[in-house]
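In our numbering, the protein residues as written are 157 to 277. For glycine and all other residues, C-beta sits at the position ideal for the given N, C-alpha and C. The structure displayed is predicted, hence computed values, not measured ones. For reference, the structure discussed in these notes is given below.
Following this line, the structure appears as structure tokens:
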């Protein structure tokens, strides 16, 4: 993880049993380090957010939202530091409830992104 990763995040990952290595300032540099180290040690690199299987897993959050609020959702707000988690949530919500507006609120950049997804089957 980049050295700029909040302590609460990397401590939580450690609690799950992972060995956390803080390197470089940016995610891209830390990811390159991780891939290289994985190759050297014969380990698989599992992307933390932009792999289809991970995005599908994030979609289960959208499934829970729709399951608990059927026919009552007009807008889904997702607060997260990165847009990738939102992509899985929004993909599911828009698939089963295409009229729902999906918005990503990014505290990290103090911006609100409007995310409208055309989902064609």
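Item to complete: Could you pull out every unbroken alpha helix (DSSP H) segment of at least 4 residues lying fully inside the segment 187–250, listed in chain order?
Response: 208–224
Practice prompt. Label residue 215 either buried or exposed according to how many other C-beta atoms from any shown protein chain fall within 10 Å of its C-beta, with 16 as the threshold for buried.
Written response: buried
Worksheet item: Quick one: Cα of residue 196 to Cα of residue 189, how far?
Response: 11 Å
Discussion item. Measuring alpha carbon to alpha carbon, tell me which residue in 203, 242, 253 and 208 is nearest residue 223.
Written reply: 253
Worksheet item: So, residue 258 versus residue 246, is the Cβ gap smaller than 8 Å?
Response: yes
Worksheet item: Any idea if residue 207 is buried or exposed, counting beta-carbon neighbours within 10 angstroms, 16 or more meaning buried?
Response: exposed
Discussion item. Quick check: residue 229 and residue 256, are their CB atoms within less than 8 Å of each other?
Written reply: yes
Discussion item. Assuming the contact rule is C-beta atoms closer than 8 Å, residue 249 and residue 198 should be a hit. Round their C-beta distance to whole Å, please.
Written reply: Contact flag wrong, Cβ pair sits at about 39 Å.
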